[in-house]
Amino acid sequence: MNAINQAESSQADKSWIQQALNTVRSSVGIDPLKYWAPLMNTDSGHIAMLAMEVLAIPATTAPIERIFSQAGMATCKHRNRTEFQLFNSQLIVYCDLYVDDL
1 MNAINQAESS
11 QADKSWIQQA
21 LNTVRSSVGI
31 DPLKYWAPLM
41 NTDSGHIAML
51 AMEVLAIPAT
61 TAPIERIFSQ
71 AGMATCKHRN
81 RTEFQLFNSQ
91 LIVYCDLYVD
101 DL
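Numbering-wise (the UniProt record's numbering), the sequence shown opens with residue 1 and increments by one.
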């Protein structure tokens, strides 16, 4: 009997996920953040949370490449004895300046 309940539960989960995905597909052309934000506190909250995390991933690697470039300049051969804490603080300042420019 337990296996039957698990199968029914699994089937219900699949249909719920399929329904959520169909809703998303029918919403082409809208802002994804505006779509998922109101769903955070509903039955679709878990999928909405996952969607928001995926949407937070940058579409480009340019910002991290700039940080690596700045780190390379901060540790050039003339500054090879820079303490980690100072180096870390310099990168934080650079990142803050970069974010402010956005």
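Each residue gets a CB set at the ideal place from its N, CA and C atoms; glycine is no exception.
Nothing here was measured: the structure is a model prediction, and the numbers come from that model.
Run of the alpha helix (DSSP H) containing residue 50, from where it starts to where it stops:
45-55
According to DSSP, is residue 66 helix, strand or coil?
helix
Rounded to the nearest angstrom, what separates residue 49 and residue 29 at their Cα positions?
20 Å
Tell me which residues share the same chain as residue 1 and place their Cβ nearer than 7 Å to its Cβ, disregarding the 5 neighbours each side in the sequence.
For residue 1, the predicted structure reports a pLDDT of 49, less than 50, and the residue's modelled location is therefore unreliable. A value from the coordinates is still provided. Closer than 7 Å at Cβ, skipping near neighbours: no residue.
Same chain, Cβ closer than 8 Å to residue 91, neighbours up to 5 away in sequence not counted:
67, 70, 71 and 74
Kindly list the residues whose CB is nearer than 6 Å to the CB of residue 81, restricted to its own chain and excluding five residues on each side of it in sequence; keep chain order.
none
Start and end residues, alpha helix (DSSP H) containing residue 32
32-36
Quick check on this structure: which residue in 33, 64, 56 and 16 has the alpha carbon closest to the alpha carbon of residue 43?
Of 33, 64, 56 and 16, the residue nearest in Cα terms is 16.
Status (buried if at least 16 other CB within 10 Å, exposed otherwise) for residue 39:
buried
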